[in-house]
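Residue numbers 242 to 461, in this note's numbering, belong to the letters of the sequence shown in order.
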Amino acid sequence: MIRVVLVDDQPLIRTGLRVLIADAPDLEVVGEAGDGAEAVDLVARLRPDVAVMDIRMPGTDGIEATRRITADPDLPTHVLVLTTFDDDDYVYGALRAGASGFLVKDLALETILDGVRIVAAGDALIAPGITRRLIGEFAARPDAGAADRPRRAVTGSVTEREREVLTLVGRGLSNTEIAAELTISVATAKAHVARLFTKLGARDRVHLVIQAYEFGLVSP
């Protein structure tokens with residue numbers, strides 16, 4: 242059973258998500274919070290698998306709450322951010338704060354449930370619809386590491402299979418989706434992604450996405 246905490250300042254949003262999750266046999270809502278500070282305390286006490294986090298909230302926002310939650314190495318909780326297309330600046334901040342997933346609230350409800358499952362499994366998830374906007378925002382900022390990511394051809398140490406995996410990461414696919422696309426196991430997909438982290442010096446999955454764009458493997 243995947244234990245979930247819902248964090249949103251709008252009670253109607255929380256109610257809708259709670260009703261949705263109640264119909265999923267493998268998911269359980271164990272708590273709700275209406276602001277970031279309450280969320281941090283609730284997560285520390287309940288230790289859920291996933292915190293579904295809004296960004297714009299009064300007081301402590303979702304970015305700061307995400308930073309506090311992910312800064313605790315003893316917490317098993319992964320943060321899945323639910324945002325809108327107009328929240329790119331906030332999503333960038335949440336990305337830096339350590340969020341594992343980014344979805345938009347107007348996605349199909351089943352997609353949101355799948356996002357919770359993907360993040361709970363330790364995978365990272367970026368909704369394809371916001372990937373291009375995230376990359377543009379991320380790459381334009383001086384602290385995004387652009388200086389140490391010169392534009393270049395894909396290094397010769399990357400195998401053809403790893404190049405295929407990098408392309409799919411750049412398209413925003415999760416490890417599970419990559420495995421299905423390439424007809425390989427999820428464990429093999431994860432191994433390829435792990436090797437790409439090492440070979441390309443990427444700090445996280447989003448940096449792999451950026452490099453896939455820089456290498457010309459995917460286009461805006």
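We put the beta carbon where it would ideally sit given N, CA and C, even for glycine. Values in this document were obtained by computation on a predicted structure and should not be read as measured data.
Residues near residue i by beta carbon distance below 7 Å, same chain, minus five either side
| i | result |
| --- | --- |
| Leu247 | Arg255, Leu258, Arg259, Val270, Glu273 and Val293 |
| Asp302 | Gly277 and Ile296 |
| Pro317 | Arg288 and Asp290 |
| Leu283 | Val246, Gly272 and Ala274 |
Alpha-carbon spacing of residue i relative to residue j, whole angstroms
| i | j | result |
| --- | --- | --- |
| Pro391 | Ala340 | Because the pLDDT at Pro391 is just 44, under 50, the model does not fix this residue reliably, and the value given afterwards should be weighed accordingly. Cα to Cα, the separation comes out at about 26 Å. |
| Ala335 | Ala306 | 9 Å |
| Gly411 | Asp290 | 26 Å |
| His319 | Leu409 | 23 Å |
| Gly275 | Met298 | 8 Å |
| Ala361 | Ser398 | 31 Å |
| Glu422 | Leu414 | 9 Å |
| Glu405 | Phe343 | 23 Å |
| Leu261 | Asp355 | 12 Å |
| Leu323 | Arg402 | 32 Å |
| Ile367 | Val450 | 10 Å |
| Ala280 | Ala420 | 34 Å |
| Ile425 | Gln452 | 23 Å |
Sequence-distant residues of the same chain with beta carbon closer than 6 Å to residue i, five excluded per side
| i | result |
| --- | --- |
| Gly348 | For clarity, residue 348 is Leu in the given sequence; the question names Gly instead. Closer than 6 Å at the Cβ level, and outside the excluded window around Leu348, lies no residue. |
From the options, residue whose alpha carbon lies closest to that of residue i
| i | options | result |
| --- | --- | --- |
| Ala265 | Arg436, Val427, Arg358 and Leu423 | Arg358 |
| Val427 | Ile353, Ala365 and Pro252 | Ala365 |
| Thr400 | Lys440, Leu316, Arg337 and Glu279 | Lys440 |
| Ala285 | Ile262, Arg436, Leu344 and Arg309 | Arg309 |
| Glu351 | Leu458, Ala263 and Ser460 | Ala263 |
| Arg245 | Ala312, Thr417 and Leu321 | The sequence given here has Val at residue 245, not Arg. Of the listed residues, the one whose Cα sits closest to Val245 is Leu321. |
| Arg337 | Thr424, Arg446 and Asp249 | Arg446 |
Cβ-based neighbour list, residue i, same chain, cut-off 8 Å, excluding 5 preceding and 5 following
| i | result |
| --- | --- |
| Thr325 | Val345, Lys346 and Asp347 |
| Leu437 | Val399, Glu403, Val406, Leu407, Val410, Ala443 and Leu449 |
In the segment 328–361, which residue ranges form an unbroken alpha helix (DSSP H) of at least 4 residues, counting only runs that do not cross its ends?
-> Complete alpha helix (DSSP H) runs here, min 4: 329–338 and 350–361.
What runs of the alpha helix (DSSP H), each 4 residues or longer, lie entirely inside the segment 253–295?
-> For the segment 253–295, whole alpha helix (DSSP H) runs of length 4 or above, ordered along the chain, are 277–287.
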